[in-house]
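Residue numbers (our numbering), protein chains in the order written: chain C, 1469 to 2092; chain R, 1469 to 2092.
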């Protein structure tokens, strides 16, 4: 096909794609036709202009180019492209936004050509960074990652995190395409059609930039071809476009975001498009036949070996564990947010520098990058302080809708970090990660269980959160102990137990200390290590509740969404009182033990709670 | 004082400040001396070089300049500056990081000169945007806002959100100061000492930039003086500095972040400083005598007036409410993240354009800006989709440590938004906001209660979250009904109630529908509108639990941290079963009612749950 023929075919395909966009959004009665129409040429040229390389019948093929719609609301365009490629029929398309259809309002992975679920803006470029890092440094594959960006979403800081990181890692296989259609949801963007503003900013971070008319097939193709020659720099294509392009009465008009044409308007609009060839199909070029570089972990396989009498911080055991299990799980990749010497991700980095990426202080991009790596078959272990995962929670929430396989690790949990004060204390992380549908939340109390749980996390397909502790804690378990996800450990148990204390992490050691104090007075407690906060070992909890008659939960975390509430709701049907000890006073700087006492989550508080309860229970004549 | 004298005095003060930094961090045994030492000249020149204007005995004085330590770990420098200004004794300083001291590890508002708690990096500039917006557009005061920034934290996207927004609003009263000391926590920053990289990037967003030697008093003073003449642009001062400056054996050395000198090292270091004049005090120039511009809301005072038979979306009532109450609460400022036509913040914007700031799609900066406005006496009402507050949760969490008075509003809660799909569904927001210590979470079910609760929120000092719904809901209440924070409404009640259904928002209407269905069959329910999810009306819940014997919670939210868990933990001591109906299946696109059924949170699910429970209870011989 010569260039003229190609241009004519793309123009025809663009008309077909516009037809699909209009028809399916009008049928659905909701969706974003105008935001789709502006990017039609940008995307049609990419897919059908001999730029994009993709085995259309094998979306998972490793050397396929990747296309992420960061502006997920342009889903009508996304689906229309795959219809034009012959992978969806018009009938399929007409299920758009209907219950049970894989063609959801914003792309999710229920549609097999979706690389990652989008719709919360400003997330696609970071995911692209993950995919591009994978191609350049891990799988060593020739694929390129293209990310379609809206101009409105360039206001999100996460974009600039991704921009700086892509330049830092010289990702010449990452191409952003900004669809500068001037209009956001409720009016003009900050920059409007000031394309040089975008150019100046993006290039100031070290990207190659190209500005052009985003509706001129010739200009767009020329820009894409130029991209192919760029080395050591990511490239941003900045296209000037018109929102609603192709339909005169909605073009460049405010008030048409997320608004569909009614039936009559749709007929008028289709009339403007000109002749549509519904039998036309675009061809996508085939990818290079190349498979990922094999990884053969060469490090020594080590055993778990912690002297029983020497306390070790679980955060340190995390680093050790990663190194130990990597030979078994060569898909592991380590990421850390510039605190690797605190989270101990640095232990892994030092052992396997090629499998580690420093993500600097940019947690949103780190979570997005992990998402991209996960979708390319890696098992990212991603660490920062527990407190700072609050920074990336939108990305974490969205990862669930992409069926991500990511292991998040949060160190420095709770007030027990001490003197650094509240800004550094992870006190909401359990609540956050417990909201992740089907997610797993693990909270080890000693080095051995940390090692085992890191291994369980690697084996588990899905999102796992591991909470680690700053302070050193005594070794509780032998190296043969098993820690299945969803289990718990009963560490103290007798026939005379008056209550069950449920704890994890540092507070488990407080519970054990409370046990020692009370047992000297002849009061016995059951003590449970709740290392798996989600899923919860409900059976074991119910059993302990029935056997001992009361539950005391103790956690270095706020009440809401924490261990206490998890246990309470698991036991909602049982007539057993649950006392929740948790962080409830304004946290501040101080020594760890001072703060545990201040918050009422120390051994002293446990002893007091148990004594008060047993006194009342005895008064009431209950067995105590 | 001539320039030479001033320079010499600043140099002497800098030595004293270095002395304080070293002594207090060594005494505390933790903290960040090296990150403090690098910025000594930058800050000493600002405070004591006739640049900063501040009534030292009146930190709240409205036309004081403002200084925010975004790199909060440089707190030793921050406190040392105020000691040098005569506001702290050396004895005070030596309480640094001790339990109960206002001089916490990272600044919090327990120290009266702290403008906002920092320590989670990348937050200070956005707070500065809020303070600068206030000075320029609201209070119309001549104060300037200075923000000390670390070079490492420039990797945070939130910085670039603030940078673009400050330029957009032409905040010539906002001055950032980047302390480019090259080293982060675990090694070199992405840019190291490449100062032109910072200059190029920041200036590409429209800022005036100045680059200089960050240890040269002459150069620094010259830069600050140049700032005073800049118009319509924010200014970024970019100083090349040395981490650990002044102590030869830690200068520019990796491995000294967050590490203190031991006693012997401290003595050596002090020896290097030269003569210290402990009696020396710096003088801060006095501010202009000017008071904030008075606001006299001129709009008409309207009454709540919703026809009983016409459904209204609570999100719309939110917009109406703001307009209605503004004359009573003239400190209100509206902010919205480019979705004002969805959250209906636009109703307020249209009525009071001078009291509204468009914050575009940059939620982190929006939360930070609200923080800054709050600290300057405003009552920011800040809105976006409930789902997108996950984006700013680190800022929200930190706001608590600044004693913020902010009203967050999240629209489009739950699966009931329908076709747009999971990316747009707020399903974790209750959990998130419930973790905020002493925070308030409100969830109105009709337009009238929304109006009342917006008013309660404005009156309440502190962080309040208001959850609104996309769909229109019937009017439930008359205009005279009261909705105190911490209360609830019993909407259906009889002697024969077999269970209590607790719901809020859209699911309350499902509960009322379930009541209608069941009452036709002679089965009666108590129905509670839990409009105040935090604080919870525990007494009313306990009473209902006792009276009816069972509780069913129904919410358009995930289980973790939601209404079900809140109610379960409130009733942990009661022997009453709690059944929690909530979102538990992977959400998807569909019609609202389809999705309520799919998730088991519709009237059908409530009816089924109640029938199953009563059948079992009857079998067991319980009264049902």
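For glycine and all other residues, C-beta sits at the position ideal for the given N, C-alpha and C.
- Going by DSSP, residue 1544 (chain C) is part of the alpha helix (DSSP H) stretching over 1543 to 1552.
- Here the stretch 1860 to 1878 of chain R makes contact with the stretch 1585 to 1596 of chain R; the two share three or more CB pairs at distances below 8 angstroms.
- Residue 1498 (chain R) belongs to the set of residues whose beta carbon lies under 8 angstroms from a beta carbon in chain C.
- Per DSSP, reduced to three states, the secondary structure at residue 1521 (chain R) is strand.
- With a threshold of 8 angstroms between beta carbons, residue 1858 (chain R) makes contact with chain C.
- Closer than 8 angstroms at the C-beta level to chain C, one finds no residue of the stretch 1502 to 1526 of chain R.
- Contact annotation, residue 1669 (chain R) with residue 1660 (chain R): C-beta distance approximately 14 angstroms; criterion of less than 8 angstroms not satisfied.
- When CB distances to chain R are screened at a threshold of 8 angstroms, the residues of the stretch 1540 to 1567 of chain C falling below it are 1540, 1565, 1566, 1567, in chain order.
- A residue is called buried once 16 or more other Cβ atoms fall within 10 Å of its Cβ, and residue 1815 (chain C) is buried on that count.
- Looking at the backbone, the Cα of residue 2023 (chain R) and that of residue 1775 (chain R) are separated by about 27 angstroms.
- Proximity of residue 1588 (chain R) to chain C, defined by a Cβ-Cβ separation below 8 angstroms, is satisfied.
- Here residue 2036 (chain R) carries a helix assignment [DSSP, helix/strand/coil].
- Residue 1734 (chain C) has a beta carbon lying at 8 angstroms or more from every beta carbon in chain R.
- Taking residue 1771 (chain C) as the centre and dropping the five residues before and after it, the same chain places the C-beta of 1792, 1947 closer than 8 angstroms to its C-beta, in chain order.
- In this structure, residue 2073 (chain C) lies away from residue 1941 (chain C), with their beta-carbon atoms at least 8 angstroms apart.
- For residue 1609 (chain C), the nearest beta carbon of chain R is not closer than 8 angstroms to its own beta carbon.
- Neighbours of residue 1880 (chain C) in chain R, taken as residues whose beta carbon is under 8 angstroms from its own, are absent, since the nearest beta carbon is some 12 angstroms off.
- The residue from R:1622, R:1631, R:2065 with its alpha-carbon nearest to that of residue 2053 (chain R) is R:2065.
- DSSP places residue 1864 (chain R) within a helical segment (H, G or I) once states are collapsed to three.
- Counting C-beta atoms within 10 angstroms of its own C-beta, residue 1569 (chain R) has 16 or more neighbours from the protein chains shown and is therefore classed as buried.
- Along the stretch 2048 to 2059 of chain R, the positions whose C-beta sits under 9 angstroms from a C-beta of chain C are 2048, 2051, 2052, 2053, 2054, 2055, 2056, 2057, 2058, 2059, read in chain order.
- Taking C-beta separations shorter than 6 angstroms and ignoring five residues to either side along the sequence, the partners of residue 1691 (chain R) in its chain run 1678, 1680, 1705, following chain order.
- DSSP places residue 1631 (chain C) in no beta strand (DSSP E) but in the uninterrupted alpha helix (DSSP H) bounded by 1625 to 1636.
- Under the 8 angstroms criterion on CB atoms, residue 1628 (chain C) is classed as interfacial with respect to chain R.
- One alpha carbon belongs to residue 1553 (chain C), the other to residue 1513 (chain C), and they sit about 12 angstroms apart.
- Think of a sphere of 9 angstroms around the beta carbon of residue 1946 (chain R): no beta carbon from chain C falls inside it, the nearest being about 33 angstroms out.
- For residue 1800 (chain R), the enclosing beta strand (DSSP E) starts and ends at 1800 to 1804.
- Rounded to whole angstroms, the separation of the alpha carbons of residue 1954 (chain C) and residue 2005 (chain C) is 5 angstroms.
- Note on geometry: alpha-carbon atoms of residue 1799 (chain R) and residue 1765 (chain R) lie some 10 angstroms from one another.
- Residues of the same chain with a CB within less than 8 angstroms of the CB of residue 1999 (chain C), apart from the 5 flanking positions on each side, are 1910, 1911, 1912, 1913, 1917, 1921, 1951, 1955, 1956, 1957, 1972 in chain order.
- Contact of residue 1829 (chain R) with chain C is assigned, a C-beta pair being separated by under 8 angstroms.
- What residue 1673 (chain R) touches in chain C, judged by beta-carbon distance under 7 angstroms, is 1669, going in chain order.
- Against residue 1861 (chain C), the close residues of chain R are 1858, 1861, in the order they occur along the chain (beta-carbon pairs closer than 7 angstroms).
- Within the stretch 1982 to 2012 of chain C, the complete beta strand (DSSP E) segments of 3 residues or longer fall at 1992 to 1997, 2000 to 2002, listed in chain order.
- In terms of Cβ geometry, residue 1741 (chain C) and residue 1487 (chain C) form a close pair [threshold 8 angstroms].
- Shown here, residue 1842 (chain C) sits in a helix according to DSSP, grouped into three states.
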